[in-house]
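>
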Amino acid sequence: MDDRRATPRTALPAAGARTASVDIYAPQWRNFIFVAPFLFFFTTLLLVPLFWGMWLSFHKADTFSSGNFVGFGNYIRLFHDKVFLQSVWNTFYFVLLTVPTLALIGLFLALCLNRRTRTAAVLRTLFFSSSVLSVTIVTLIWRIVFIPNVGLLSTIYGWFGATAPAFISDPSLAMIGIAIATVWWCIGLPMMLFLSALQQIPQDIYEAAALDNANRWQTLRSITLPSIKRTFVLVVIVQIVLQFQLFGQAWLMTRGGPNNLTKPIVLYIYDTAFRRWDLGMGAAASEVLFVLILMAAMAQYLVTRNKAGQA
Amino acid sequence: MTADIEIRNVSKHFGAMTVLDDLSLSIKAREFIVFLGPSGCGKSTLLRMIAGLETVDTGEIAINNERIDHLPPGKRGIAMVFQSYALYPHMSVRDNMAFGLENIGMPRDVIDARIKESARILEMEHLLERKPGQLSGGQRQRVAIGRAIVKEPKAFLFDEPLSNLDAALRTRTRIELAQLHQRLQSTMIFVTHDQVEAMTLADRIVVMNNRKIEQIGSPMEIYDRPATKFVAGFVGAPAMNFVEATLDRSSRNATARFADGVSVQTEIASGQTSDGKYTFGIRSEDVGIVPVGQGNADGVVDVLERLGERTLVYARLGDGQQIVGSDAGNSRVAVGDKVGLAFDGRKSHLFGETGRAWHAGEV
Chain A
1 MDDRRATPRT ALPAAGARTA SVDIYAPQWR NFIFVAPFLF FFTTLLLVPL FWGMWLSFHK
61 ADTFSSGNFV GFGNYIRLFH DKVFLQSVWN TFYFVLLTVP TLALIGLFLA LCLNRRTRTA
121 AVLRTLFFSS SVLSVTIVTL IWRIVFIPNV GLLSTIYGWF GATAPAFISD PSLAMIGIAI
181 ATVWWCIGLP MMLFLSALQQ IPQDIYEAAA LDNANRWQTL RSITLPSIKR TFVLVVIVQI
241 VLQFQLFGQA WLMTRGGPNN LTKPIVLYIY DTAFRRWDLG MGAAASEVLF VLILMAAMAQ
301 YLVTRNKAGQ A
Chain B
312 MTADIEIRNV SKHFGAMTVL DDLSLSIKAR EFIVFLGPSG CGKSTLLRMI AGLETVDTGE
372 IAINNERIDH LPPGKRGIAM VFQSYALYPH MSVRDNMAFG LENIGMPRDV IDARIKESAR
432 ILEMEHLLER KPGQLSGGQR QRVAIGRAIV KEPKAFLFDE PLSNLDAALR TRTRIELAQL
492 HQRLQSTMIF VTHDQVEAMT LADRIVVMNN RKIEQIGSPM EIYDRPATKF VAGFVGAPAM
552 NFVEATLDRS SRNATARFAD GVSVQTEIAS GQTSDGKYTF GIRSEDVGIV PVGQGNADGV
612 VDVLERLGER TLVYARLGDG QQIVGSDAGN SRVAVGDKVG LAFDGRKSHL FGETGRAWHA
672 GEV
């Protein structure tokens, strides 16, 4: 390989009949053209805002000026702000409510619907269909379900003479209400990922397990689950990243209330930066969220990678 | 442990397609049976029905006189080695072998002893802690066999287990399987489309074609006295020579006459045959290469295949019919030469229009 590359370029045309072979893997500047469009958008829409955000978070800035350099001032103010700390806790609570639920229900649905019947195909489509709805529609639907006195839930409870739990206004239930709507909305993707993973498992392993006297539970525990471990990690990471960014459902269902108990970090950022016009502090909160998501995803990845290595 | 297996009037359909049609077969204890046939003849389906991986539409299967066709695969007391080995990829070799025993609640010390013993038999003690992904094809094959042995089954089922191995390893594993059979004295059923595997391993071969059993017999019976034209053509390499012929039944033994006037005196009694069209069949080793004019026919050499111990001579008769003959390993024949072909009448076969066969020496 190296010898070929070392061939002087001038020798190529002169050689006439004996043309030197071309190394198709050699770097060529033309290749850059193919990635340039992506690089352009990656730089302008991702890299620049990322570093601009970091820069902003160290400045006292509003919409009219980028003001003075304040060092870690914005961050110090942030960590003294009870509402921010509350929103961090709210976000973690929400992630804790939704991610395991999505992973487990997604897995359960995939296990149930991983068969070649018409009913299974219809149900797969049905469960996935909620994913294509916009957040506005989803929250509208769930507001209709949860709304006190006239909502679907109240009506059903009413038939039995009971009072429905106040999922929107009860401080201890509001976040659970948002989580329910979110799980309903997002369940399609985990289910589809698990389904595709299940279909990758070779059928003959199951046949071998049947000959090995494995019952349903033993087959699930010893064959199916270990075979889709990687997909499980993927689903959890994707959902952590997604659910940390909760905004639309909280904004449209509860406006962060009651008493900031359902205000997630993104809503706090929105309030701070675009309603109170404190761009510097909003940027600082964004950086905190960025680091939190990064850490959560990394931790999940490292833990499962180590486990896989030991097994 | 060993078992005889009885298959009675078994049929299998996939939708409108019939895969096996009213098939019956008894397999004796300790027998090594090979199902041989081309792709799609139903041999794997039959094996999977014995294993319980396919349902039996009609008929029944019994092991040691107990019906098993309604039992789940694990309760039939059999072990199977898959073509793809079907090892559990996330389990070590040891766990792969232990899985089936753990599932029936066998005590740990018995499991360990069995794994140790079968690892010793298969010379794979050093592989026990590895994962299947860290093993070569041949090693995986051993593990798959080991996983079957530890169960001490009544019968072993092999579904084309050698087809993923390279040629040298296939020959070696074949010999090892034969040794294993002698050692374990277990009933073994082996599915293959490779006639060499069938001939070398089997006590009896079941030749299958087109949903049915064509012939059941020892390897030499199948080779020397094929029951049908299909069996004659399928078993043996190169395939048996077939020539359209009419019969001269005027003497005690029939004489076959080819279209271009060549005639071969067979040792098949005229009385056994009737008028009608026949196909004359003879294996390449029963067609000698002789000087021109001294054989039954003359031909021009098209192709030579030098196999070392003998040379296969592909000669073309006057009417374009190709005949494969056999000459010594150091044959001086060259392509384009004209040679004489001497057909050994004692080894010739006749096949009727339905495919039914007649052989020399039949009374």
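These protein sequences, in sequence, are chains A and B. In terms of this note's numbering, the first sequence opens at residue 1 and continues consecutively. In terms of this note's numbering, the second sequence opens at residue 312 and continues consecutively. Don't be surprised by glycine CBs; every beta carbon is placed ideally from N, CA and C. A quick note: this is a predicted structure, and the numbers were derived from the prediction, not measured.
Starting from the C-beta of A390 of chain B, find all residues in its chain whose C-beta is less than 6 Å away, skip the five residues before and the five after it, and write them out in chain order.
A459, K462, P464, F467.
> According to the neighbour-count rule (16 or more other Cβ atoms, all chains shown, within 10 Å of its Cβ), is P49 of chain A buried or exposed?
By the neighbour-count rule (16 or more Cβ atoms within 10 Å), P49 of chain A is not buried but exposed.
> Exposed or buried, what is Y268 of chain A when buried is set at 16 or more other beta-carbons lying within 10 Å of its beta-carbon?
Per the 10 Å Cβ criterion, buried.
> Can you name the residues that DSSP bridges to R319 of chain B?
DSSP output for R319 of chain B lists B:E371 as bridge partner(s).
> CB-CB under 7 Å to L331 of chain B, same chain, minus the five flanking residues each way: which ones, in chain order?
The answer, listed in chain order, is V321, S322, K323, G353, T356, L357, R522.
> Which residue spans inside the segment 230-265 of chain A form an unbroken alpha helix (DSSP H) run of at least 4?
Complete alpha helix (DSSP H) runs here, min 4: 248-253.
> So S227 of chain A contacts chain B; which residues on that side make the cut at Cβ distance below 8 Å?
Result: P400, H401.
> Enumerate in chain order the residues of its own chain whose CB-to-CB distance from I228 of chain A is below 7 Å, with the five nearest sequence positions on each side excluded.
The answer, listed in chain order, is F194, A197, L198.
> What whole-angstrom Cβ distance do T262 of chain A and T254 of chain A have, given they're in contact under 8 Å?
At roughly 5 Å, the Cβ-Cβ gap stays under 8 Å, so T262 of chain A and T254 of chain A are in contact.
> Identify whether A147 of chain A lies in helix, strand or coil by the three-state DSSP scheme.
Residue identity differs from the one stated: residue 147 of chain A is Ile in this sequence, not Ala. I147 of chain A falls in the coil class under three-state DSSP.
> Comparing the C-beta of R305 of chain A with each C-beta of chain B, is any distance below 9 Å?
Closer than 9 Å: no.
> At 9 Å on the CB atoms, spell out the chain A contacts of M676 of chain B, in chain order.
This structure gives no information on residue 676 of chain B, because the portion of chain B shown stretches from 312 to 674.
> Which one or two residues does DSSP pair with K649 of chain B in a beta bridge?
The partner list for K649 of chain B (beta bridge, DSSP) reads B:V611.
> According to DSSP, which residues form a beta bridge with T539 of chain B?
BP columns for T539 of chain B point to B:R667.
> State the Cα-Cα distance for the pair P8 of chain A and A20 of chain A, rounded to the nearest angstrom.
Residue confidence for P8 of chain A is low, a pLDDT of 46 falling below 50, so the modelled location carries little weight and cannot support an answer.
> Please list, in chain order, the chain A residues whose beta carbon lies closer than 7 Å to that of I415 of chain B.
Chain A residues near I415 of chain B: N213.
> Is it buried or exposed for Q28 of chain A, if we count other Cβ within 10 angstroms and need 16 for buried?
With fewer than 16 Cβ atoms within 10 Å of its Cβ, Q28 of chain A is classed as exposed.
> Our contact map puts Q576 of chain B next to G656 of chain B with C-beta atoms below 8 Å; I'd like the distance itself, whole angstroms only.
Their Cβ separation, rounded to whole angstroms, is 5 Å, which keeps Q576 of chain B and G656 of chain B in contact under 8 Å.
> Write down the C-beta distance between S474 of chain B and Q605 of chain B rounded to the nearest angstrom, noting that I regard them as a contact closer than 8 Å.
S474 of chain B to Q605 of chain B, Cβ: 44 Å. No contact.
> Give the residues from the segment 145-161 of chain A that approach chain B closer than 9 Å (Cβ to any Cβ), ordered along the chain.
Answer set for the segment 145-161 of chain A: empty.
> Pull out every residue of the segment 179-202 of chain A whose Cβ sits closer than 9 Å to any Cβ of chain B, in chain order.
Hits within the stretch, in order: P202.
> Unbroken alpha helix (DSSP H) runs of length 4 or more, entirely within the segment 434-492 of chain B: which are they?
Within the segment 434-492 of chain B, the complete alpha helix (DSSP H) runs of at least 4 residues are 448-460.
> Interface residues of chain A around P384 of chain B at Cβ under 7 Å?
The contacting residues are A210, L211.
> Closest Cβ-Cβ distance between S57 of chain A and chain B: below 9 Å?
No, S57 of chain A lies away from the interface with chain B (no Cβ there is under 9 Å from its Cβ).
> Out of A:R124, A:F247, A:W142, which one is the CA nearest neighbour of I265 of chain A?
Ranking the options by Cα distance to I265 of chain A, first place goes to A:F247.
> Which chain B residues sit within Cβ distance under 7 Å of D271 of chain A?
Neighbours of D271 of chain A on chain B: none; closest Cβ ~48 Å, over 7 Å.
> Who are the near neighbours of P349 of chain B in its chain, counting only those whose CB is closer than 8 Å to its CB and skipping five residues on each side?
Hits under 8 Å: H504, N520, F545.
> Could you tell me which chain A residues have their CB closer than 9 Å to the CB of G411 of chain B, listed as they occur along the chain?
The contacting residues are A208, A209, L211, D212, N213, A214.
> Determine whether the Cβ of L358 of chain B lies closer than 9 Å to any Cβ atom of chain A.
No, because no Cβ of chain A sits closer than 9 Å to the Cβ of L358 of chain B.
> Quick check on the burial criterion: 16 or more other C-beta atoms within 10 angstroms. Buried or exposed for H381 of chain B?
H381 of chain B comes out exposed.
> Answer yes or no: does any C-beta atom of chain B fall closer than 9 Å to that of T7 of chain A?
Residue placement at T7 of chain A is flagged as unreliable, the pLDDT there being 44, under the threshold of 50; the coordinate-derived value follows with that caveat. For T7 of chain A, the answer is no, since every Cβ of chain B falls outside 9 Å of its Cβ.
> Using a 10 Å radius around the Cβ and a threshold of 16 neighbouring Cβ atoms, would you call I415 of chain B buried or exposed?
Per the 10 Å Cβ criterion, exposed.
> Can you grab the Cα-Cα spacing for the pair D571 of chain B / A653 of chain B, in whole Å?
Approximately 16 Å, taken between the alpha carbons.
> Please confirm whether I372 of chain B and I500 of chain B have their CB atoms less than 9 Å apart.
Not closer than 9 Å, so no.
> Considering Cα atoms alone, identify which of A:Y157, A:T155, A:I147 is closest to F167 of chain A.
It is A:I147 whose Cα lies nearest to the Cα of F167 of chain A.
> Looking at the C-beta of R453 of chain B, does it have a partner C-beta in chain A at a distance below 9 Å?
So, not an interface residue.
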